[in-house]
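Quick notes on the structure that follows.
In our numbering, the protein residues as written are 1 to 1224.
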């Protein structure tokens, strides 16, 4: 009989003749379980822990009723040290343990598990040498995007699975973190907590939770509908505080610097004042300015008991955050322009559970269920998740032209003329006179704007200096060549070290992910009649389908001013020489008017601007319509009011800017409107608006994921087996290149057996015999091989063949690569193309170049077993195959970088994008093969020791790849070419509560190595050498030694109290405790370099590696966190109910300290020196030339030294929190 909060839940079972029973399904959590038998006293085990995917065994030693006085004997349940059904490497952290830890971060809680590496508090984790994005999180069965952000007081338990992953979990190759939230309670309860930090960084938090019944059954009094709600608000002045001193310009000087950023030096040259700053002008600063973060999270759940056999749970959680990103280069001179990021993420689910067949309720008169099929049930769940991220300047938001607006620039123009002999008139006249040859700018006036006041100050001061020196400002080129700014520009970067005052953030990014998922799971037991029900087959199975929709919209707003200036007046760049005019008494007299005067050498003829409508841009046309300008009227773009401009003045092609996109979109249109219309890949080349302009639609990225699993868990005496199979189906649901090395339509060996001039014939069958050059292919060349020829469109001979990445010469001999074939045709191999239309040509048919993605099916056996040697020893082992589809990576502006999103832009602008990696829509799933064997020994009645050895092999991991000898050019993309492995040993000691003390300790020795630590590892190597190296080296997160220790010393209360007592008998330390967490690791590897470089200078420099990749190591890291708390109870009765029950309120006060010893742990070092504080540049001979050529050598040294002082090189500082909670 299951009892929750003192009330029978209705879930129960009747034993068989041998006393065996089974109750399922149960939601993970704590239960009281009561056994009843006629003639025996009822026995209740209190606080039974039910975990996810794990059977809890409870035996009841019954006592005859006449031998005891109590009606019900109550004993406290103790989680067994040796669980005979344990087959996974899993740690379960319960709610009562979570509240004692000195952290509220789920990833940090997971990092207390053996084999889990975390560089610092609230950072990402790596499980047993896997990549960070290979860890998947589930919350209430919902697979979520990113890390879970839910109130920690809503968590019932957290399962950290590092090995032996059950078949029900998929799409993860490293670890699974499964979070179960609390459900409704049988009685009403609630609580509130407030916490604040006692340091300058301010971290304030308040949360509350409520739970209880909403509706009860009038007949039985049992809850029919219950609820649980938790909410939390957190405000942090500095979310990621620095453990070391930083610098800022002194306040008075900084305000003056913002207003007057320029000065005139002793030689009369205008200079940037920031290039004169020294340490005398700076002061120590410990707070990252303008990085305040506000976060609100919530979790809710409603439980419906529809009947004795049917249950419905509906719930979800949300997270809203608003904060400023910290740009390190902004921190000294420009913190006010840190970008703002707003994130909201919410998830919802509905789960229906139906227990099938007749239930053994244990009620009198009920027949025993002797069917071989027992405990059958199924669950149906639907869930939905939405994630939206928006990064922008908080002042300008989506007013894109505001970002780069400095002010109004009025430019005066006049005709430019030159004397010309023999100028030919419209009717053949020959004149010797002055002739207009164009227009010239004569004067520029500036009216500053307050939209970007700090940036406008540069231009205002520069114009002031020009005026004071008597220098005329004639054109915008003159303004640009100085230190002034025009619209769309930002200030010079002092010594390329620190972004200067008034530098506007050049980015607007929004992304939206919608995920829909449906899942059905079921389970039943097969029990042979008359057998021990523990020796049963527990069959579980399920299927799921998930579709994700990802959209993004990105604007580089400053560049809008550049293309506006470029596109305006594009059709009036020439002069209309067919109708000259002269000025007579200030009036224009045109040649074609018929009264043109006689001309003499001192006369001047002029021309109007020639209107070429074919050259007119869409922007220019729409702008003239908006402001009412004539077609031949020159528009001074920078003189127009700011409100004139908007994004829809441009056509989509103009925003794409010939391969240097100012705007990029997917799932939106070119103007940021959500695009929901049915979309085909070819629409990018075909769809036009009413004016005939290409719309360039790009639909949302909509991959689908499906899976089926079946698993059998059974026992054979002391052996427990868990045998499963999971089948995953990945469909990226998009177009892929027919061949990744050819971005055109091409012909294979089987398509044609002769060569011909493709320019003359659309179809090979139309080629006359006289123009065919027949060829004979070598015998080892198959029909699907690609043919390479001497000219892609007009071939005369075959130069080679290719099958995938394997190249052959014309004789069919295999080559090491395609370089030899490329050399025959000027450096680029020439595939035999199907037509002359390139990817940018009107009429291009994408179906000749692209195919649909071919879904991937992956079969993953999951084999796990354990051998209960004795009741004090357990041997366990598992073999798993895990796969994971392509994951998004977080970019520098919190943008989601989808490595598998096949945007048409990537191929349309391949030649322009060639130097940057493009997504690969044909990426396959990554795979991990996992082996483990282990032994667990009970040492005492309260302690056990576990040792295990594991080996993980990583296959098909994603990495940057240069596709050499591609057509029309070599380019970078992603491919499944990385591999690696991890070998390790885990040693775990578990001491259960012994009197006041509880402890857990783990030590992991592991060796994680591979060809790449993430998908960008090889980028610089490949870019510099053109070679896709596949060398094995330690991975970036290969901390060889990982140590975790959690100590908890706690006093109970009442009869179990054993602490000091006051003279009046008061239990001074009742319900007081101290929890200490110690984390240590041996440091991670890095690659040393031979030459000192200016590492802090904006813009990369080429380096030379010293020794092996990741051949050096950072020193040990050591961190201690603690939490000291004391609980106390206040009991009371309501005034109007003196005879009523006593009510209680429970309070808990605590002090929590993270990194309590203030250890200055090093996370990163400079690769030349191996130091976290010095990179060696300023002392190098190469630097002296740079220093001595600076405006102020002392300033360069000091500003560079300040920039080398990087907070990110160290872990977080000591943090101390004070909190108080109340529950009832």
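No residue lacks a Cβ here, since even glycine has one placed at the ideal position from N, Cα and C.
Ordered along the chain, which non-local residues of its own chain (more than five positions away) have a Cβ less than 6 Å from that of residue i?
i	result
residue 927	883, 955, 956
residue 235	204, 294
residue 37	62
residue 81	938, 944
Does DSSP put residue i in a helix, a strand or coil?
i	result
residue 1022	helix
residue 1089	strand
residue 915	coil
residue 1178	coil
residue 1128	strand
residue 394	coil
residue 844	coil
residue 738	coil
residue 276	helix
residue 1043	strand
residue 620	helix
residue 814	strand
residue 326	coil
residue 458	helix
residue 1215	strand
residue 761	coil
residue 362	Low confidence applies here, because residue 362 scores a pLDDT of 43, under 50, leaving its location unreliable and the question unanswered by this model.
residue 1054	helix
Which same chain residues end up closer than 7 Å to residue i when comparing Cβ atoms and leaving out the 5 residues on each side of it in sequence?
i	result
residue 363	Note that residue 363 scores 44 on pLDDT, short of 50, meaning its location in the model is unreliable; the coordinates nonetheless yield the value given after this. Once the five neighbours on either side are set aside, residue 363 has no close Cβ partner at all.
residue 841	none
residue 805	none
Report the option in the options whose CA atom is closest to the CA atom of residue i.
i	options	result
residue 257	76, 271, 1142, 391	271
residue 865	1103, 880, 851	880
residue 648	668, 631, 622, 659	622
residue 1104	1168, 1126, 1164, 1069	1168
residue 277	333, 226, 384	333
residue 854	70, 734, 816, 958	734
residue 555	499, 676, 393	393
residue 814	785, 1025, 443	785
residue 431	513, 597, 135	597
residue 613	979, 687, 574, 777	574
residue 1144	1181, 1224, 1202	1224
residue 297	206, 728, 384, 486	206
residue 671	650, 163, 150, 262	650
residue 585	481, 1071, 406, 603	603
residue 996	835, 1072, 1064	1072
residue 1036	149, 1007, 970, 898	1007
residue 565	657, 122, 85	657
Below 8 Å CB to CB, which residues in the same chain sit around residue i once its five sequence neighbours on both sides are set aside?
i	result
residue 581	588, 589, 590, 591, 605, 606, 607, 608
residue 743	737, 839, 849, 907, 910, 966, 967, 968
residue 141	349, 351, 381, 383, 519
Could you name the residues that DSSP lists as bridge partners for residue i?
i	result
residue 452	Paired residues: none, contrary to the question.
residue 46	76
residue 377	355, 523
residue 878	864, 932
residue 1106	According to DSSP, residue 1106 bridges with nothing at all.
Does residue i get closer than 8 Å to chain D when you measure Cβ to Cβ?
i	result
residue 926	In the displayed structure, chain D is absent; only one protein chain is listed.
Can you list the alpha helix (DSSP H) stretches of 4 or more residues lying completely in the region 682-709, in chain order? 683-686
Residue ranges of each beta strand (DSSP E) run of no fewer than 3 residues wholly in the region 172-234, ordered along the chain? 175-181, 189-197, 203-216
Mind pulling the alpha helix (DSSP H) runs of 4 or more residues that sit fully within the region 55-129? 95-98, 106-110
Segments of 4+ residues assigned as alpha helix (DSSP H) that fall wholly inside the region 458-511: For the region 458-511, whole alpha helix (DSSP H) runs of length 4 or above, ordered along the chain, are 476-481.
Would you mind listing the beta strand (DSSP E) stretches within the region 777-805 that are 3+ residues and don't spill past its ends, in chain order? The region 777-805 contains these whole beta strand (DSSP E) runs: 786-789, 798-803.
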